[in-house]
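Inspection log for the structure reproduced underneath, given as structure tokens.
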Amino acid sequence: MTGSKGGVGTTTVALNVGVQLAMQTRKRVVLLDLARPFGQISLMLDLNPRFTILDALERIERLDEPLLATLAARHKTGVEILAGPRHAPMKAEQRQSVTIQALTRLVELAGRAYDFAVVDMGVVNAAEWAPVLAAAGTTLLVAEPSVLALGMIERHMAAAAPAGLDCQRIHIVINRWRQNDDEALAAFQHKHGRPILMRLPNDYRQVTEAVTLGMPLAGSANNFLLGRYRDLAAWLAGSAGGGHGRRAGTSVPVAQ
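Take the sequence shown: its letter number 194 is residue 212 in the numbering used here, and every next letter is one higher.
As structure tokens, then:
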């Protein structure tokens with residue numbers, strides 16, 4: 019999962035899709051927090067994990083499925099978290115371990131170790147991060163309905179194809195959607211020939227309250243925003259169960 023630009027809510031989307039996957043399927047789900055410079059998922063879930071992504075990367079040469087599981091922190095919803103780096107300077111040996119090759123290996127291993135792996139990559143250059151993106155079964159590209167965010171989708175896609183990435187595996191989700199955005203979104207789809215596979219409704223109050231409480235989104239079956247997250251999780255579960263086996267990757271949207 020990656021954002022078309024910073025500030026579009028990629029981490030919020032990754033967190034809530036991962037939680038819904040764990041709650042709906044009752045299978046093993048891991049959230050990898052690769053957003054830079056510091057991951058936010060553990061803070062948003064009020065977790066204080068003992069280990070982070072850096073611990074996994076330092077052990078990458080001997081990292082296997084059982085060892086990876088010991089590094090992840092389990093949330094009460096059932097999702098497991100491999101947290102992003104803490105707010106502290108990296109040691110020299112840690113800097114040497116943070117490579118595209120090591121991150122790719124980590125994503126691939128997570129896909130084998132868990133039934134579902136959701137990877138929050140923050141904002142990346144598709145050309146530079148192509149090996150990591152290629153290791154994912156599907157990429158969810160998160161944007162908001164602003165001219166800048168939609169324009170950055172075009173740049174992301176333009177960088178992806180020359181880097182050897184399959185653009186058919188990149189799916190667009192619009193976060194913070196309002197009904198009066200539909201005309202602009204329709205024009206975007208017509209111009210670029212890229213469908214928008216999910217619109218997540220704008221609900222600033224609900225999202226802010228969840229972050230303040232250190233919780234994922236929660237509510238009844240009639241909760242519109244939560245229902246869309248459930249749809250995302252259901253699509254991903256169905257896709258991975260449709261003959262593809264275990265899937266490392268970013269979650270994929272289902273409906274508009």
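No residue lacks a Cβ here, since even glycine has one placed at the ideal position from N, Cα and C. None of the values given here were measured: they were computed from a predicted structure.
- A contact is defined here as three or more CB-CB pairs under 8 Å, and the stretch 170-177 fails this definition with respect to the stretch 68-75.
- With distances taken between CA atoms, arginine 123 lies nearest to Ala152 out of Ala161, Ala152, Val97, Gly24.
- By alpha-carbon distance to alanine 161, the top candidate from Met216, Gly256, Leu235 is Met216.
- For histidine 208 and asparagine 240, the gap between their C-alpha atoms comes out near 32 Å.
- Note on geometry: alpha-carbon atoms of alanine 167 and glycine 27 lie some 11 Å from one another.
- In the structure shown, methionine 216 falls within a strand segment according to DSSP collapsed to helix, strand and coil.
- For arginine 194, the secondary structure class from DSSP, reduced to helix, strand or coil, is strand.
- Counted as a single uninterrupted DSSP element, the stretch harbouring valine 116 is not any beta strand (DSSP E), since DSSP gives it neither H nor E.
- The secondary-structure analysis by DSSP pairs alanine 101 across a beta bridge with Thr70.
- Nearest to aspartate 64 by C-alpha distance, out of Val141, Pro213, Pro234, is Pro234.
- Cβ-Cβ distances below 8 Å link leucine 39 to Lys45, Val47, Val97, Phe134, Val136, Ala251, Leu254, Ala255, Ser269 in the same chain, with the five nearest sequence neighbours on each side left out; the list follows chain order.
- Secondary structure note for threonine 157: its beta strand (DSSP E) is the uninterrupted segment 157-161.
- The beta carbon of arginine 212 lies closer than 8 Å to those of Ile171, Met175, Ile190, Phe206 in the same chain, with the five residues before and after it left out.
- Note on proline 103: 16 or more other CB atoms within 10 angstroms of its CB, so buried under the neighbour-count rule.
- The C-beta distance from aspartate 138 to leucine 49 rounds to 7 Å, short enough to meet the 8 Å contact threshold.
- One alpha carbon belongs to alanine 128, the other to aspartate 82, and they sit about 9 Å apart.
- In this model, isoleucine 118 and arginine 196 are separated by some 37 Å (Cα to Cα).
- Taking the Cα positions, asparagine 198 is about 42 Å away from arginine 130.
- Across the set Ala53, Met41, Asn220, the C-alpha of Ala53 shows the shortest separation from the C-alpha of tryptophan 147.
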